[in-house]
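Undergrad: Here the protein sequences come in this chain order: A, B, C and D.
Every letter in the first sequence is one number past the one before it in UniProt numbering, and letter 6, counting from 1, is 6.
Every letter in the second sequence is one number past the one before it in UniProt numbering, and letter 70, counting from 1, is 70.
Every letter in the third sequence is one number past the one before it in UniProt numbering, and letter 337, counting from 1, is 337.
Every letter in the fourth sequence is one number past the one before it in UniProt numbering, and letter 12, counting from 1, is 12.
Protein chains: 4
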Amino acid sequence: MSKSEVGIGLVGSGFMGRCHANAFRSVSGLFDVACEPVLRVIADATPELAAQAARNLGFARCTDSWKVLVADEEVDIVAITAPNVLHAPIALAAIETGKTIYCEKPLATTAAIALEMAEAAEAANVVTLVGFNFLRNPMIGLAREMISSGEIGEVTGFRGRHAENYMSDPDAPHSFRTDPQGGGALADIGSHIISMARYLLGPISDVQADCRTFHTTRPECFDSTKRLPVEVDDMTHALVRFESGASGSLEANWAATARTMDLSWEITGTKGALAFSQERMNELKVFSNIPGRSGYTRIEAGPSHPPYGRFCPAPGHHIGFNDLKVIEVAELLAAHAGITNASPDFREAYEVQKTVEAMQVSNVSRQWVVV
Amino acid sequence: MSKSEVGIGLVGSGFMGRCHANAFRSVSGLFDVACEPVLRVIADATPELAAQAARNLGFARCTDSWKVLVADEEVDIVAITAPNVLHAPIALAAIETGKTIYCEKPLATTAAIALEMAEAAEAANVVTLVGFNFLRNPMIGLAREMISSGEIGEVTGFRGRHAENYMSDPDAPHSFRTDPQGGGALADIGSHIISMARYLLGPISDVQADCRTFHTTRPECFDSTKRLPVEVDDMTHALVRFESGASGSLEANWAATARTMDLSWEITGTKGALAFSQERMNELKVFSNIPGRSGYTRIEAGPSHPPYGRFCPAPGHHIGFNDLKVIEVAELLAAHAGITNASPDFREAYEVQKTVEAMQVSNVSRQWVVV
Amino acid sequence: MSKSEVGIGLVGSGFMGRCHANAFRSVSGLFDVACEPVLRVIADATPELAAQAARNLGFARCTDSWKVLVADEEVDIVAITAPNVLHAPIALAAIETGKTIYCEKPLATTAAIALEMAEAAEAANVVTLVGFNFLRNPMIGLAREMISSGEIGEVTGFRGRHAENYMSDPDAPHSFRTDPQGGGALADIGSHIISMARYLLGPISDVQADCRTFHTTRPECFDSTKRLPVEVDDMTHALVRFESGASGSLEANWAATARTMDLSWEITGTKGALAFSQERMNELKVFSNIPGRSGYTRIEAGPSHPPYGRFCPAPGHHIGFNDLKVIEVAELLAAHAGITNASPDFREAYEVQKTVEAMQVSNVSRQWVVV
Amino acid sequence: MSKSEVGIGLVGSGFMGRCHANAFRSVSGLFDVACEPVLRVIADATPELAAQAARNLGFARCTDSWKVLVADEEVDIVAITAPNVLHAPIALAAIETGKTIYCEKPLATTAAIALEMAEAAEAANVVTLVGFNFLRNPMIGLAREMISSGEIGEVTGFRGRHAENYMSDPDAPHSFRTDPQGGGALADIGSHIISMARYLLGPISDVQADCRTFHTTRPECFDSTKRLPVEVDDMTHALVRFESGASGSLEANWAATARTMDLSWEITGTKGALAFSQERMNELKVFSNIPGRSGYTRIEAGPSHPPYGRFCPAPGHHIGFNDLKVIEVAELLAAHAGITNASPDFREAYEVQKTVEAMQVSNVSRQWVVV
């Protein structure tokens, strides 16, 4: 094993923590990575949780203090899957040590804090990557390439959405998601469709949003007999204009009864169009305008759409959600090794968050807001 | 043939004129109508066109004057498929004669004129019906029934659209569609999705729209070397709030490159959801929330969904666009005979037009507008 | 109205009778027909039924004797929608009069009788047309054109099916459908997929079928307390070889619980492929092999696919089942006027029936049978 | 890390070898496995290839001799992804050592050899598992549960297929796949749909197949100027009867131009039906017969369908092909630890192969063959 090793420190062992661990374990068997990730330290809220996580996920050591993890000399990359409110302190501490940072979204609880983080990282020249994993889908890469090459002409319209149903039950309890500090459907999943819109079409310049709260109280997390008021949005519909001249609409909805992962969009150009939904993540629909033969073609992910071929040798086999995370980690390692520039970095995550906040402002003012 | 006859006078013999004629010819073989429609008079712009139309469509007589047609004593129902600008004068003249009026949409070139027409019709107590044919789909009837019965719970979200591509070619010529008087994608096809939204969810109370014109000039109709400026919208995205408390977004787009008839919507309720697209007009998707078995069920139109059984004896056979017009004419005849109340009538068409205009106002003011 | 008239005599007023009547009433408003059909005489089992049918469907006269109808001098075209067992006597009588004959499928209760009918018609040089209406779909026409032009290369594989659920209820009563004389799923709907396979790929040369009966008794039609034995098949799967060298499989199933009209097929060629289902009759899926962009394109029926434009001016509007019958009647009138050759005629219907019988023989012998 | 370790020896490092390695690396972070797999030895054709594979896939040691690997005392499980012809010698050697064996399909080049392997394994009482990975899909598990519980009634019809296009190019070179010894579409991928049919519906009792070879020569693997004759099938269609009384048809096709992974089926029962395609592997369509609401429901894979929840916390995220292999390896480890019985084992793989051979025999005899 002649590859140099890179020490991983992971903060948090919930769903996303497991995803990270799995990706770090798998990546070198699937990608030609510059360095071999080694699971060195995991941190969680209590010593017991941390020990269990180390055992389950295969980390060598554990701690109940993220500060200890950040300071650990054998940790080269700090992966942050802790609650949103902790992203900033952990990341800022890691920036001071010069370590590479891999942080889940949303980057911070406010755009102002996100900007502070981005500026600190840039000043310290550290590598940062934010986990907008859906951008890693080979079909999204194909879409971006088709748009930027002009294959669908000039883009005129965008119609996007991230709709799920995980909060459609009025008795789904209060949590960090429903906390006014950075919570709500728009912040939680609207950020995904905003990041994807930016990835494909560039910056959003003007917004006008309408935020709605349907479930105005929710049970307290540990005492379901008490109900607390909810102030964040369950559903937001927004009008958007892009700097490019395109415009359209966008929805964030965590009470979308029928939807599990409708991170979807249709992008219309003057010569063609593209349509995608994460509910069928191995497909991209491409419209081409051939007389008598016009229609959407359902393109299946395959080795022609890198890095799909890292996972499967032929189309039709399908990659899954966890594979997107492996691609993200491969990107992270390449950036850590200085081979590529990490993207989306803290700066980009700040831009997303700024767009979210502009929408929230427009909802209150009932007027268009320039982002 | 003991049924009483009802004399039909049709103004206009374009696509919609043929549709009307076909529906009047077919209806009594498919429905138990109270009276037998007889094609008496057709009017068109010139004597030659009128004569040809009479021959092709099977009318007994013809004229180049709609006034003659309206005044004809053997005409009981005046069907109007003339250019939009003529709807008002023809309808107002017909109202004076007390005849039943069947008019294509949009009812008038402005909401004010539409209101005048509605009030005149109500004062004269004449039967009026406006051709929002898509409402006649048995699957739309099923959707409405499911919503009003509470089968999907309280409705929270609406996401609708009417997108076609018939004006996506920048060289599609100027026409009544692109005339500032009542033209534009929003007025032309946005009216369909607005009428359907109202039909399913009730009145829209507040709107905020963003109208865009991509093709700012178009060739003159009879001299393609000259280009005229276009002021109407090619694409409009709008936020909408309903009186019921639901809210969402709505799009009208006649430059939607990939779409031929995406008159579509998803309606989300607290207990279920419905989804429909006119591109698959014989299907309704119904979501029901059964643990481990949740998902959208694709329901096919069949005899359980009246009046489908009038056309085919079993599901899977499918009705088509022209059949919707036959259903509309069956409704018209029932209303003419006093058996049912015609709907949507001029009043309802006015309400749709008022909503369109509120959107246009909001686009200029860049603020929410109360309808 | 200068067009010459053609007198229609219709035997039978069930579902198919209504279809015929509707098509004859509509056709001249939609197609440029050479002659105007006039509904002259309708025959049904009793004078009462015949009178009611005349009133409902708009025929001038009625009779309870098909012989009277066939002999009527004002009847130019005899349309037969009577029970299968009557097809032969009516058609043979009509052939003697030299009238044009429009007969529902299956043509006869045995292939031998069908052959006798075909030979009689050919000897008398009368025009015959058999109601395999699904062939009239513009998308089927497009498929045929693409296959014969070589657009999908040499055809290798066929996988077809006609599956419905109208007999899946074990208590669906005995009827002419379950009568050993010409009944069973294979004869009733298998004939549709066989006729379509022949229309698209040419003659079937060898067959091997496996017929199954799941509901071995069914209630007597007018006394549901008595059950009669059923000998005909509910489901048949068959292997088929075509003269062209292609091969594949085919299913007929009237107990297909989940299916309403799955008259569907996939045809694979060396360069492309086509897929169709009548459950989405306005769509054809076309596969083209473009590196990185391969996939099925969903083509929507539109004016590029004649005679769709006769019904609607733009794609996305959709034609329905009854429109297929209008197209069929337009073909009938053109053949009656000597403009085109009628197809599928009695000869072709005999070939279909011969294929059905070869399958039935192979099921008994458990060996391949040359058709 | 208190879990006991289990030493893995992997023969072969092609696509399937990488799949195995990835699954062994990931499994303990996703499942609560009884023992921790450790990648000890990898064998490949040459020392160089073996060394490279060890480096890429993370094995501690390497060898160019599978015999050395099998004899290695630190190897507890022998995973076989070598060419088909080597399965038997490697497996038989491993059986002698008493080691657990994890072998790719097809198990052997003939059913006779497969039987010998199964009997040897049973006599030695070793754990065997064969890589029919598609059975591991949670949606297949759900289908099986629904069938066995009677949720869709008595099963009457099966219509299945495994169609891909990887050999549709006539210049795709000769390989082990086209070798008469165990090659052909039927043996290669037909085995998948046969194993799945058996998994869902039980043993197939009678078959009648029609095998076709379209590309009768193919280029030699290392000298494309020479073409060799091909004797194996490109496409097979077969009629099948099940011991349960159900019947239907089945296709294996590796020249299916439009298909990448159409391992698909529809299973019809007297009360319901199920439909699945691996091209949308995270979906199962379930038909339920509710008056006016009948239709296929698209059920998305989610935590209600174990072991989906091991990978993702909510529906809509999707698992991929490689995850199926992780599930398989979790099963392997459980069986190795004596917690569960491995399935499908060598005996079951023999039964599949026997069915394949019965089909091949029937193709030659042109008669039905009892399996």
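Using N, Cα and C, we set each Cβ at its ideal position, and we do this for glycine too.
If we count Cβ pairs, one from each stretch, closer than 8 Å, do we get three or more for the region 178-189 of chain B versus the region 228-237 of chain B?
TA: With a cut-off of 8 Å, the region 228-237 of chain B and the region 178-189 of chain B count as touching, because enough Cβ pairs lie within range.
Undergrad: Using a Cβ cut-off of 9 Å, pull out every chain F residue sitting near residue 264 of chain D, in sequence order please.
TA: Of the chains in the structure shown, none is chain F; the protein chains are A, B, C and D.
Undergrad: Taking just the CA atoms, how far does residue 125 of chain D sit from residue 351 of chain D?
TA: Answer to the nearest angstrom: the Cα atoms are 19 Å apart.
Undergrad: When you compare the region 96-108 of chain A with the region 122-140 of chain A, are there three or more beta-carbon pairs, one atom per stretch, that lie closer than 8 Å?
TA: Segments in contact, yes.
Undergrad: Since residue 365 of chain D is in the beta strand (DSSP E), which residue starts that stretch and which ends it?
TA: Unbroken run through residue 365 of chain D is the alpha helix (DSSP H), 346-365; no beta strand (DSSP E).
Undergrad: Can you tell me whether residue 12 of chain B is buried or exposed, with buried defined as 16 or more other CB within 10 angstroms of its CB?
TA: With 16 or more other Cβ atoms within 10 Å, it is buried.
Undergrad: May I ask you to report which of helix, strand or coil DSSP gives residue 285 of chain B?
TA: Looking at residue 285 of chain B - three-state DSSP - the assignment turns out to be strand.
Undergrad: What ranges does the alpha helix (DSSP H) occupy inside the region 28-67 of chain C, keeping only unbroken runs of at least 4 residues that lie completely in it?
TA: Those alpha helix (DSSP H) runs which fall completely within the region 28-67 of chain C and span 4+ residues are 47-57.
Undergrad: In angstroms, rounded to a whole number, what distance separates the CA positions of residue 101 of chain A and residue 48 of chain A?
TA: Cα-Cα distance, rounded: 25 Å.
Undergrad: Listed from N- to C-terminal order along the chain, which residues in the region 24-50 of chain C have their beta-carbon within a distance smaller than 7 Å of any beta-carbon of chain B?
TA: Against chain B - using a Cβ distance shorter than 7 Å - the residues of the region 24-50 of chain C are 25, 26, 28, 29, 30.
Undergrad: Would you say residue 158 of chain D and residue 202 of chain D are within 8 Å of each other, going by their C-beta atoms?
TA: The answer is no: Cβ separation not under 8 Å.
Undergrad: In chain order, what residues of the same chain lie with their CB nearer than 6 Å to the CB of residue 131 of chain A, ignoring the 5 residues before and after it?
TA: Within the same chain, residue 131 of chain A has close Cβ partners 104, 105.
Undergrad: Which residue from B:51, B:34, B:153, B:170 puts its Cα closest to that of residue 224 of chain B?
TA: Nearest C-alpha to residue 224 of chain B: B:170.
Undergrad: Which residue's Cα is closest to the Cα of residue 194 of chain A: A:16, A:367, A:359, A:369?
TA: Per the Cα distances, A:359.
Undergrad: Going by C-alpha distance, which of D:305, D:144, D:176, D:5 is nearest residue 228 of chain D?
TA: The residue with the shortest Cα to Cα distance from residue 228 of chain D is D:176.
Undergrad: Between the region 328-348 of chain D and the region 26-39 of chain A, do at least 3 Cβ pairs fall closer than 8 Å?
TA: With the cut-off at 8 Å, the region 328-348 of chain D and the region 26-39 of chain A do not touch.
Undergrad: Shorter than 8 Å from the beta carbon of residue 199 of chain A to some beta carbon of chain D?
TA: Chain D contact via Cβ: absent.
Undergrad: Just to confirm, is the Cβ distance from residue 207 of chain D to residue 364 of chain D under 8 Å?
TA: Not closer than 8 Å, so no.
Undergrad: Taking Cβ-Cβ distances shorter than 9 Å, what residues in chain C pair up with residue 296 of chain D?
TA: Within chain C, the residues near residue 296 of chain D are 258.
Undergrad: Can you check the region 222-252 of chain B for any beta strand (DSSP E) of at least 3 residues that lies completely inside it and give the ranges in chain order?
TA: Correct list: 227-229, 235-242.
Undergrad: At 4 residues or longer, what runs of the alpha helix (DSSP H) sit wholly inside the region 254-286 of chain A?
TA: Within the region 254-286 of chain A, no complete alpha helix (DSSP H) run reaches 4 residues.
Undergrad: What residues of chain D sit near residue 332 of chain A, judged by a beta carbon separation below 9 Å?
TA: Those within 9 Å of residue 332 of chain A in chain D number zero; the least Cβ separation is about 18 Å.
Undergrad: Within the 8 Å Cβ cut-off, does residue 164 of chain B reach chain C?
TA: It does; some Cβ of chain C falls within 8 Å.
Undergrad: Which two residues bound the contiguous beta strand (DSSP E) that contains residue 162 of chain D?
TA: That run of the beta strand (DSSP E) goes 155-163.
Undergrad: Can you tell me whether residue 277 of chain A is buried or exposed? The criterion is at least 16 other CB atoms within 10 Å of its CB, across all chains shown.
TA: So residue 277 of chain A ends up on the buried side.
Undergrad: Look at the Cβ atom of residue 300 of chain D, then the Cβ atom of residue 283 of chain D, and state whether they are nearer than 8 Å.
TA: It is a contact, given that the beta carbons lie within the stated cut-off.
Undergrad: By the three-class DSSP mapping on this structure, what secondary structure does residue 95 of chain B have?
TA: If DSSP states are grouped into helix, strand and coil, residue 95 of chain B belongs with the helices.
Undergrad: Can you name the residues of chain D whose CB is closer than 8 Å to the CB of residue 319 of chain A?
TA: Here the neighbours are 320, 321, 322.
Undergrad: Taking buried to mean at least 16 other C-beta atoms within 10 Å of its own C-beta, is residue 366 of chain C buried or exposed?
TA: Residue 366 of chain C should be labelled exposed.
Undergrad: Going by Cα to Cα distance, which pick from A:92, A:308, A:84 is closest to residue 71 of chain A?
TA: Of A:92, A:308, A:84, the residue nearest in Cα terms is A:92.
Undergrad: Is it buried or exposed for residue 24 of chain B, if we count other Cβ within 10 angstroms and need 16 for buried?
TA: Label assigned to residue 24 of chain B: buried.
Undergrad: Mind checking who residue 13 of chain D pairs with in its DSSP beta bridge?
TA: Its beta-bridge partners do not exist; DSSP assigns none.
Undergrad: Answer yes or no: does any C-beta atom of chain A fall closer than 8 Å to that of residue 373 of chain D?
TA: Because chain D in this structure spans residues 1 to 371, residue 373 of chain D falls outside the shown range and cannot be described.
Undergrad: By DSSP, does residue 210 of chain A sit in helix, in strand, or in coil?
TA: Three-state result, residue 210 of chain A: strand.
Undergrad: I need the boundaries of the beta strand (DSSP E) containing residue 101 of chain B, first residue and last residue.
TA: From DSSP, the beta strand (DSSP E) with residue 101 of chain B extends over 100-103.
Undergrad: Tell me the residue span of the alpha helix (DSSP H) that contains residue 144 of chain C.
TA: Segment 138-148, the alpha helix (DSSP H) holding residue 144 of chain C.
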